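Student:
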Amino acid sequence: MFFDDSIRNIQTAKLTGLTTVLVGLTQRKNGVDYALGSIHNIKEALPELWELVNKSKDVQKIAIETPVEA
């Protein structure tokens, strides 16, 4: 799941197959799966994230770090 406030970054992430969340706008645009006016609205907008956490207590967490040069 990819969160960003740039529609350009969101559309690129969507092209790579990620689920996208545009932060800062409430209207979805092309390539946007979810739109949040504020990151503080995440729990109400995406309750399934918390449901999955509760269901997957036995799943190990993994983090992947990807360096990016701009």
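The sequence shown begins at 16 in the working numbering and counts up one residue at a time.
For every residue, glycine included, the Cβ atom is placed at its ideal position computed from N, Cα and C.
Quick caveat: nothing in here was measured; it's all calculated off a predicted structure.
Should I25 be labelled buried (16 or more other beta-carbon atoms within 10 Å of its own) or exposed?
Tutor: I25 is buried by the Cβ-count criterion.
Student: How would you write the range of the alpha helix (DSSP H) that L30 sits in, first residue to last?
Tutor: Per DSSP, L30 belongs to the alpha helix (DSSP H) from I22 to L30.
Student: Who are the near neighbours of Q42 in its chain, counting only those whose CB is closer than 8 Å to its CB and skipping five residues on each side?
Tutor: Cβ within range, chain order: A50.
Student: Do G52 and I22 have their C-beta atoms closer together than 9 Å?
Tutor: No, Cβ-Cβ distance for G52 and I22 is not below 9 Å.
Student: Over the uninterrupted beta strand (DSSP E) stretch that includes D19, give me the two end residues.
Tutor: Where D19 is concerned, the enclosing beta strand (DSSP E) stretches over F17 to D19.
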